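Colleague:
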Amino acid sequence: MREVTATGNGGDVSSATIDAIENAIGQVGGMKVSIATSLSMSEVTKGDKTTFEENFKQNIERMTRGIIKSYKVLESGTSPGSGRAFVKIKAVIPSYKPSEQLKRMKLAVLPLVLRGNAATLPEAGNFGNGVSSSLEAYLTQTRKFAMIDRRNTAKSKQELKGANARNAPIEETVKFGVRVGADYIVLVALNEFLPQQTQQERVTGRVVTRFSAPVAIDVRVIDIATGQIKFAQTYNNPGRLPSSAALMQYAADIGVDIGQVISSAIYPIAVVGGGDKEVTFNQGGDTVQTGRSYRLVSLGKNLTDPYTKESLGQEESEIAIVEVTAVTDRTATARLVSGRLPPSIAAGSLLARLLPDEPSMDLNVQVTLPTLPGASSSNSGAGGAKKDDQDW
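Shown next, in the form of C-alpha cells:
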C-alpha cells in the first residue's frame, strides 16, 4: 500500500474530491481512472444530497474497483479568484514494487526471422527457435540485463486478460501498471541454412558419412528510442557435425556464441578478486564453462578517435592467461596458466577476454558504434570494470 497526497478542483466539493482522487491514482504507477468510471462517480455525487460521507467513500471505492482503499479530506474550501471548490486529500492506494532487476539495461530478443533459402526449409524453423532460445537464456544467465519477453506474447496477453477481469483483486491488477518496454531489441535473422549429408568411400572400402549445416546469421541490436543500430554482426559457421542428431545442440551452441559477443561488448567479464595464482570473475552459471581459457587485460589510458572525437575506450594490455576451474551461479574461479598477476587486484581493474577454442567459428563484426547509455559509467557486477565506447 502507498499513501499519497493530492489536490483537486471542481464546481463543487464532490467534483473536486473526484478530481483529487484521480490525481492520487495517477501518482501510483501512472494508473488512470477511465472516463466511464469518472462519469459513474459523478452520477453518485449528483444523487441524494443528503448522502452521508461514508456512503460517498464506499461508492468511490466501488467505482474505482478498490483502487482507493481509503481517503481522508485534509482541507477543502473555495478559491477566492475563481470561486471553484478545491479539496486536498490523503489516500491509501495499492501499489506494486517492481523488481530491482528492472534497473538493469532492458533487452528483448525477438523471434528469429528466416530469410533466403532458410525460409524454404521445414527444419529451419525448429533450428531458428533453438538459436533464439539459447541466446535469450544466455543473456538472462549473465545476470547483467533485465530480459523482456517478446517470444511468448500470446500467452502473456491471455494472462493479462484474466488479470484485468472485473472480479480480479485490484492488488493483482496493479502489477500490470509497471509493465515495461525494452531499451534495446536484439534482431536475429537466419539467412543461410544448408543441412546436408555426404558419403565418402575410402580406399579401404569403408563408407564414411558426414553431416554439415553451414549457416549465416545476421544479428542487430537496435535502440528502441532512436532506431539507431548500436551493434551489427554476421555469424558464419561451417557446421561440421558428427550426425544430424547433433543439429539442435549446434543451434544451442550458436546462441551461446552470439550471446557471448553481445554480453562481452556491453559488459565484459571483470575480475573482482584473487591472489597470486587465481582470480574470481563477476559472472558464472552456464555462461562460463570450466576448462575455458581467458586473456586477462589491464586497462590503461582513454583513447580518442582523431576524426569523430569519440572515445575508443581504454588501452588494454594482456598480463596473463587463466583457465576456469570452478563455477557458481554468480561467479567463477580461474587459475593462472601463464603470465603474472598483480599483487593486489581492485575489483574491475582487469577484464577477462575469452580465447576462441575453434578458430573456424568466427564472428565477423561489421559495425562498431558508441556504447549504450549507462554502460560508460556503471559497474559490471560486484564493482565491475568501467565501460567505454570500445565495448560496442
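Take any residue in the sequence shown, count from 1 to its spot, add 61: that is its number in the working numbering.
Yeah, the Cβ is synthetic: ideal placement off N, Cα and C, and Gly gets one too.
A quick note: this is a predicted structure, and the numbers were derived from the prediction, not measured.
#1: Taking C-alpha atoms, which residue in ALA81, ARG63 and MET62 lies nearest to ASN70?
#2: In terms of residue numbering, what span does the alpha helix (DSSP H) encompassing VAL322 cover?
#3: Suppose contacts are defined by Cβ-Cβ distances below 8 Å. Is GLY352 in contact with ALA381 by that definition?
#4: Does DSSP classify LEU173 as helix, strand or coil?
#5: Give me the Cα-Cα distance between ALA277 and ASN297, rounded to the nearest whole angstrom.
#6: Can you give the Cα-Cα distance for ALA179 and THR287, rounded to whole angstroms?
#7: Should ALA42 and ALA67 be called a contact, given that it needs their Cβ atoms to be closer than 8 Å?
#8: Go ahead and label SER195 buried or exposed: buried means 16 or more other beta carbons lie within 10 angstroms of its beta carbon, across all protein chains shown.
#9: Between the Cα of ARG301 and those of VAL340, PHE272 and LEU248, spot the shortest distance and give me the residue it belongs to.
#10: Expressed to the nearest angstrom, what Euclidean distance is found between the alpha-carbon atoms of GLU379 and MET166?
#11: Assuming the contact rule is C-beta atoms closer than 8 Å, VAL388 and VAL333 should be a hit. Round their C-beta distance to whole Å, please.
#12: Would you identify the three-state DSSP class for TYR368, choosing helix, strand or coil?
#13: Classify SER405 as buried or exposed, calling it buried when 16 or more other Cβ atoms lie within 10 Å of its own Cβ.
#14: From the DSSP output, in three-state form, read off ILE79 for me.
#15: Excluding the five sequence neighbours on either side, which residues of its own chain have a C-beta within less than 6 Å of the C-beta of LEU171, listed in chain order?
#16: Using 8 Å as the threshold, is the C-beta distance between VAL340 and VAL398 below it?
#17: Using CA coordinates, which residue listed in VAL322, LEU308, ALA198 and LEU364 is at the minimum distance from ASN187?
#18: Could you tell me if ILE285 is buried or exposed, where buried requires 16 or more neighbouring beta carbons within 10 angstroms of its beta carbon?
#19: Cβ of SER372 within 7 Å of any heavy atom in the ligand HEM?
#20: Starting from GLY400, follow the beta strand (DSSP E) in both directions and report where the run begins and ends.
#21: Please report the distance separating the alpha-carbon of ARG414 from that of ARG267.
#22: Please return the same chain residues whose Cβ sits closer than 8 Å to the Cβ of ALA185, not counting the five positions on each side in sequence.
#23: Do GLY335 and LEU402 have their C-beta atoms within less than 8 Å of each other?
#24: Going by the DSSP bridge assignment, what does LEU412 pair with across the sheet?
#25: What does the alpha-carbon distance come out to for the pair TYR311 and GLY177?
#26: Under a Cβ-count criterion, where at least 16 other Cβ atoms within 10 Å of its own Cβ denotes burial, should LEU173 be classed as buried or exposed?
#27: Between the C-alpha atoms of GLY142 and ARG63, what's the straight-line distance to the nearest angstrom?
#28: So what does DSSP say about LEU163, is it helix, strand or coil?
#29: Taking the CB atoms as reference points, tell me whether THR203 and GLN344 lie closer together than 8 Å.
#30: Using only CA atoms, which one of GLN162, LEU163, THR181 and ALA85 lies nearest to VAL134?
#31: Whole angstroms is fine: what's the gap from LEU412's alpha carbon to VAL358's?
#32: Looking at the structure shown, is GLY300 part of a helix, part of a strand, or coil, going by DSSP?
#33: Just curious, the alpha helix (DSSP H) that LEU182 is in, first and last residue?
#34: Tell me, please, which residues DSSP counts as bridged to LYS216.
Modeller: In brief:
#1: Translated into the one-based positions of the sequence shown, residue 70 becomes position 9. Cα-wise, what sits closest to ASN70 is ALA81.
#2: Numbered from 1 along the sequence shown, position 261 holds the residue referred to as residue 322. Its alpha helix (DSSP H) spans residues 308-327.
#3: Position 291 of the sequence shown, counting from 1, holds the residue named residue 352. Position 320 of the sequence shown, counting from 1, holds the residue named residue 381. Taking 8 Å as the Cβ cut-off, GLY352 and ALA381 do not qualify as a contacting pair.
#4: Here residue 173 refers to the residue found at position 112 when the sequence shown is read from its first residue. It is coil, neither helix nor strand.
#5: For the purposes of this step, residue 277 is taken as residue 216 along the sequence shown, with counting starting at 1. For the purposes of this step, residue 297 is taken as residue 236 along the sequence shown, with counting starting at 1. The straight-line gap from Cα to Cα measures roughly 5 Å.
#6: In the sequence shown, counting from the first residue as 1, residue 179 sits at position 118. In the sequence shown, counting from the first residue as 1, residue 287 sits at position 226. Straight-line Cα distance between these residues: approximately 30 Å.
#7: Any question about residue 42 goes unanswered here, given that the chain covers just 62 to 453.
#8: Counting from 1 along the sequence shown, the entry for residue 195 is found at position 134. Buried is the call here.
#9: Counting from 1 along the sequence shown, the entry for residue 301 is found at position 240. Of the candidates VAL340, PHE272 and LEU248, the one whose C-alpha sits nearest the C-alpha of ARG301 is PHE272.
#10: Translated into the one-based positions of the sequence shown, residue 379 becomes position 318. Translated into the one-based positions of the sequence shown, residue 166 becomes position 105. Cα to Cα, GLU379 sits roughly 29 Å from MET166.
#11: Taking the first residue of the sequence shown as position 1, residue 388 is located at position 327. Taking the first residue of the sequence shown as position 1, residue 333 is located at position 272. Taking a contact as a CB-CB distance under 8 Å, the pair VAL388 and VAL333 does not count as one, their CB atoms being some 14 Å apart.
#12: Indexing the sequence shown from 1 puts residue 368 at position 307. Reduced to three states, the DSSP call for TYR368 is coil.
#13: Position 344 of the sequence shown, counted from the start, is the residue given in the question as residue 405. Classification for SER405: exposed.
#14: Working through the sequence shown from its first residue, we reach residue 79 at position 18. Correct three-state label for ILE79: helix.
#15: Your numbering for residue 171 matches position 110 in the sequence shown. Cβ neighbours of LEU171 beyond the five flanking positions: ARG211, ILE246 and LEU248.
#16: Here residue 340 corresponds to residue number 279 of the sequence shown, with the count starting at 1. Here residue 398 corresponds to residue number 337 of the sequence shown, with the count starting at 1. No.
#17: Looking up residue 187 in the sequence shown gives position 126. Of VAL322, LEU308, ALA198 and LEU364, the residue nearest in Cα terms is LEU308.
#18: Your numbering for residue 285 matches position 224 in the sequence shown. Exposed: under 16 other Cβ atoms inside 10 Å.
#19: Ligands in the displayed structure: none, and consequently the ligand HEM is not present.
#20: In the sequence shown, counting from the first residue as 1, residue 400 sits at position 339. Segment 393-400, the beta strand (DSSP E) holding GLY400.
#21: In the sequence shown, residue 414 corresponds to position 353, counting from 1. In the sequence shown, residue 267 corresponds to position 206, counting from 1. The alpha-carbon atoms of ARG414 and ARG267 are separated by roughly 43 Å.
#22: To locate residue 185, count along the sequence shown from 1; it is residue 124. Closer than 8 Å at Cβ, skipping near neighbours: LEU175, ALA179, LEU251 and PHE254.
#23: Position 274 of the sequence shown, counting from 1, holds the residue named residue 335. Position 341 of the sequence shown, counting from 1, holds the residue named residue 402. Closer than 8 Å, so yes.
#24: Translated into the one-based positions of the sequence shown, residue 412 becomes position 351. Answer by DSSP bridge pairing, in chain order: ALA331 and VAL358.
#25: Locating residue 311 in the sequence shown gives position 250, where the first residue counts as 1. Locating residue 177 in the sequence shown gives position 116, where the first residue counts as 1. Rounded to the nearest angstrom, the two C-alpha atoms are 20 Å apart.
#26: In the sequence shown, the residue the question calls residue 173 occupies position 112. Result: buried.
#27: Within the sequence shown, the letter at position 81 stands for residue 142. Within the sequence shown, the letter at position 2 stands for residue 63. C-alpha of GLY142 to C-alpha of ARG63: approximately 33 Å in a straight line.
#28: Residue mapping note: residue 163 aligns to position 102 of the sequence shown, counting from 1. DSSP places LEU163 in helix when its eight states are reduced to three.
#29: Within the sequence shown, the letter at position 142 stands for residue 203. Within the sequence shown, the letter at position 283 stands for residue 344. Closer than 8 Å, so yes.
#30: If you number the sequence shown from 1, residue 134 lands on position 73. The shortest Cα separation from VAL134 among GLN162, LEU163, THR181 and ALA85 belongs to ALA85.
#31: To locate residue 412, count along the sequence shown from 1; it is residue 351. To locate residue 358, count along the sequence shown from 1; it is residue 297. The alpha-carbon atoms of LEU412 and VAL358 are separated by roughly 5 Å.
#32: Here residue 300 corresponds to residue number 239 of the sequence shown, with the count starting at 1. The answer is coil: DSSP assigns GLY300 none of H, G, I, E or B.
#33: Within the sequence shown, numbered from 1, the residue matching residue 182 stands at position 121. From DSSP, LEU182 is part of no alpha helix (DSSP H); its letter is neither H nor E.
#34: What you label residue 216 is simply residue 155 of the sequence shown in a count that begins at 1. Partner(s): none; LYS216 has no beta bridge.
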